[in-house]
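Shown next, in structure tokens, is the structure this report addresses.
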Amino acid sequence: MTFKSIIDEIENNLYKILNDLNVDKIFFSVEPAKQGFGDVSSNISFLLAKKLKQSPQEISNTLSKKYNQFNHTLVSKVEPHPSGYLNFFANWEKLNQLILSESNLDEFGCVDLGKNSTIVVEHTSVNPNKALHIGHIRNIIVGDTVSRILKKSNYKVNVLNYVDDSGLQVADLLVGFKFLGFSQTPPKGKKFDHYCGDDVYVQTTKKYEQDSSLEDIRKKVLEELEDENSDTAQLADKITGKVLENQLETCWNLEVNYDCLNYESQIIRSGLWAKIFEKLKEMNLITFEKEGKNSGCWVIPGNGKEEDKVLVRSNGTATYIAKDIPYAAWKLGLLEDPFNYKKYPKIQKESQTLWQTTLGNSTETKQNFAGEKVVTVIDSRQARLQKIITTLMDNFKSIEGAYVHLGYESVTLSGDTAKKLGIDTDGKQAQMSGRKGLYVNADSVYELLKNKTITETKKRNPEMSLSEIEKIAHQISVGTLRYEMIKQDLDKIITFDLEKSLSLEGDTAPYIQYTHARASRIIEKSKQSPSLDIDFSLLIDQNELDLVREIGLFDIQVHDAGKNLSPKVISRYCHDLAVAFNSFYENVKVLEINDIALEKARLCLVYSFKITLERALNLLGITAPNKM
RNA sequence: GGGCCUAUAGCUCAGCAUGGAUAGAGUGUUGGACUUCUAAUCCAAUGGUCAAGGGAUCGAAGCCCUUUGGGCCCGCCA
């Protein structure tokens with residue numbers, strides 16, 4: 014049991030008291046208290062004030078007296094506060110034991126939101142024509158972190174990456190290679206994805222402005238892409254395959270894995286669209302326009318003042334959104350699966366198998382990556398389209414809310430950083446643009462961070478081997494980048510600045526990782542080994558109790574994060590844990606205190622902190638070194 | 001014109017879902033703490049008409065309405 018046990022005990026008893034007083038059920042709060050107001054607080058008296066025609070303070074008085082008549086093992090004192098709040102003080106000897114014991118279990122922090130059901134998380138989904146930039150990284154890290162939190166919340170999670178390998182952006186790349194004479198070999202030392210994005214794509218799109226005849230070529234290339242046997246499609250497969258591999262390397266380096274890759278080209282060739290189209294017609298969800306501006310088109314009628322959305326053009330071809338509908342339905346398992354599955358040839362971290370769809374034969378057994386629920390991570394500029402898909406899916410599937418669009422605001426570049434990249438915005442932040450070449454590559458951010466952290470680590474550990482320094486620097490760099498991407502709410506724009514965003518101090522991953530290193534060193538240096546066979550009543554210092562309490566809040570935070578699909582909840586929790594530990598570290602000595610029993614008790618607490626922080630950081634995809 | 005998001009300390013952000021106590025962090029500035037379990041740390045000072053106005057409430061940063069500033073979206077492009 015965790016801190017939640019004392020909350021549950023109080024809640025139960027308060028309900029019993031209400032019953033005694035013959036008061037209707039009300040929903041009061043019982044929450045961890047603010048600093049200086051005991052350990053747990055309830056607002057129950059405010060809510061009763063009107064009903065009982067008494068002041069909150071009087072009610073708190075009554076309730077605190079009554080509370081003592083009920084069974085309570087975890088509460089040592091109830092105190093009515095003059096403000097009206099009812100404050101509870103914990104029996105820390107018991108709570109210490111409960112929380113510290115529980116924290117040693119592997120399943121500590123697990124909650125049961127999913128009831129072992131299956132959920133799909135789709136994220137990344139970048140056109141395979143360029144390297145990943147810092148904006149894509151927000152999507153990837155949000156998606157990966159949410160996946161990890163959902164796993165901890167007892168969902169079986171299938172992580173998908175949709176590869177847009179047949180759109181305009183790919184066609185543009187092919188125009189560059191086939192007609193503008195770009196070599197298929199990048200300059201020495203440059204990754205192929207960087208070369209495609211930085212050079213071929215940017216320069217090709219620039220040429221469109223100068224030479225309008227290229228537009229026809231582009232159109233032709235796009236058409237040829239549809240025929241999988243054409244030379245163009247074969248070349249596209251080769252090039253997008255290489256870019257995709259480079260992109261995946263970037264993701265894997267950031268500790269992000271996937272379960273399956275879905276290719277847009279295959280969705281199109283699979284015939285899923287025709288099936289969904291029939292279904293939409295049968296269910297009367299779309300209409301054929303006989304007049305007006307959309308004459309001759311199949312449209313999804315807009316709600317109220319919303320514009321109708323064209324699904325099938327008057328020439329019979331399907332629009333962009335028409336590719337997303339079958340994919341959404343496929344993810345929810347609403348369609349017969351037309352795909353076979355084969356293994357992606359490269360190995361992911363922890364040797365997790367990465368599958369990919371194929372329309373050809375496969376010797377592998379059929380896989381199933383559909384879920385009862387689906388979370389699609391796409392930035393909120395696509396909110397309108399996603400809303401249409403969500404509504405359609407609600408019509409298809411009986412469980413309401415089965416399809417969720419998890420939106421987030423974009424990453425922009427600070428005025429300074431944009432200027433460094435050659436665009437003067439008058440100090441204002443700037444939207445990134447792949448076409449204009451205005452972006453910061455994820456790989457280069459990682460490299461910058463790594464060089465910085467190598468220098469810092471060397472400074473502090475001059476005797477350390479280079480390989481060890483590299484390993485630590487990697488952990489800190491990945492941590493820093495990942496933490497930056499999720500520490501604020503999804504609806505806040507992240508303004509990325511090459512200087513400021515790479516800080517290693519303050520509310521950053523290294524701050525948190527550092528507390529882990531401190532804890533590790535204490536454990537390493539102690540002659541005792543951490544154990545639960547200790548006298549729990551020895552932990553009485555406020556700094557100790559605050560730390561125990563913070564550890565005990567883990568499952569409550571996971572529940573919050575999982576329920577609201579909110580990664581930042583966990584990043585804040587990690588930060589709070591670290592703050593509590595630093596405060597403990599400054600004020601409470603563990604080693605050389607000439608009291609073995611006390612050292613053992615504190616060591617148990619330090620160990621408990623260390624493994625809880627590791628588990629919480631693991632939800633963020635961050636590992637903490639033992640030394641740094 | 002319609003829709004979505006946003007406004008809290010000089011700057012970057014928590015808190016808002018579920019209204020209640022003294023509105024919290026980081027950063028910045030100023031000062032202090034390393035012969036100590038690692039100073040990527042800690043402590044102190046500084047800093048707020050919670051965008052503005054109205055409403056409902058015993059009580060609003062939070063709920064409702066209006067206004068304003070900022071961002072994004074609204075193609076038979078993807």
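Numbering (the working numbering), first residue to last: 14 to 641. The beta-carbon is built from N, C-alpha and C at its ideal position, and this holds for glycine as well. Note that the structure is a prediction, hence the values are computed from the model and not measured.
Just to confirm before moving on: does the CB-CB distance between residue i and residue j stay below 7 Å?
i	j	result
K17	I624	no
G51	N100	yes
C273	W343	no
P93	N74	yes
K164	V172	no
V134	S160	yes
N167	N129	yes
E422	I506	yes
L578	L419	yes
Q260	L145	yes
K463	A530	no
N270	Q361	yes
T366	K359	no
L545	E563	no
L618	W105	no
E44	S58	no
I666	T15	Here the chain has residues from 14 to 641 only, and residue 666 is not among them.
I230	I313	no
Y208	K143	no
L552	N109	yes
Q541	L616	yes
K576	K500	no
G202	F195	no
T508	S427	yes
K471	I489	no
Just how far apart, CA to CA, sit residue i and residue j?
i	j	result
K79	I30	7 Å
D3	Q182	The structure shown has nothing for residue 3, since the chain only spans 14 to 641.
V390	I150	12 Å
I338	W286	8 Å
I583	G435	37 Å
T425	I485	29 Å
G346	T131	11 Å
A335	E460	39 Å
D250	F352	18 Å
Q70	K38	20 Å
S393	F40	34 Å
F567	G122	5 Å
Y276	V176	5 Å
L503	E497	12 Å
G127	N307	43 Å
D510	E363	33 Å
V388	Y416	6 Å
E236	S243	10 Å
R397	T468	46 Å
G13	G284	In the structure as shown, the chain begins at 14 and stops at 641. Residue 13 is therefore absent and cannot be evaluated.
In this structure, what does DSSP give as the bridge partners for residue i?
i	result
T642	Because the chain in this structure spans residues 14 to 641, residue 642 falls outside the shown range and cannot be described.
T438	Answer is none; T438 lacks a bridge partner.
K356	W368
N577	None; N577 has no bridge partner.
T330	Answer is none; T330 lacks a bridge partner.
N454	H146
In terms of residues, what are the limits of the beta strand (DSSP E) holding residue i?
i	result
V417	Y416 to L419
I313	W311 to I313
T389	K386 to V390
V325	K322 to V325
What are the boundary residues of the alpha helix (DSSP H) that residue i is part of?
i	result
K288	L285 to E295
N275	Element bounds for N275: not the alpha helix (DSSP H) but the beta strand (DSSP E), C273 to Y276.
K540	Run containing K540: none; DSSP gives neither H nor E here.
S393	That residue, S393, is in no alpha helix (DSSP H); it is neither H nor E in DSSP.
V619	I609 to L632
T253	D244 to N266
May I ask whether a heavy atom of the ligand FAD can be found less than 6 Å away from the beta carbon of residue i?
i	result
E319	The model on display carries no ligand, and the ligand FAD is accordingly not part of it.
- At 3 residues or longer, and completely inside the segment 15-92: list those beta strand (DSSP E) runs for me, N to C. 43-45 and 53-55
- Task: Please go through the segment 90-170 and give each complete alpha helix (DSSP H) segment of 4 or more residues, from N-terminal end onward.
- Result: For the segment 90-170, whole alpha helix (DSSP H) runs of length 4 or above, ordered along the chain, are 105-116 and 147-165.
- Task: Please go through the segment 165-237 and give each complete alpha helix (DSSP H) segment of 4 or more residues, from N-terminal end onward.
- Result: 181-192 and 215-223
- Item | Ordered list of beta strand (DSSP E) runs contained in the segment 466-502, each at least 3 residues | none
- What residue ranges within the segment 551-577 form continuous alpha helix (DSSP H) runs of no fewer than 4 residues, ordered along the chain? 555-565 and 567-576
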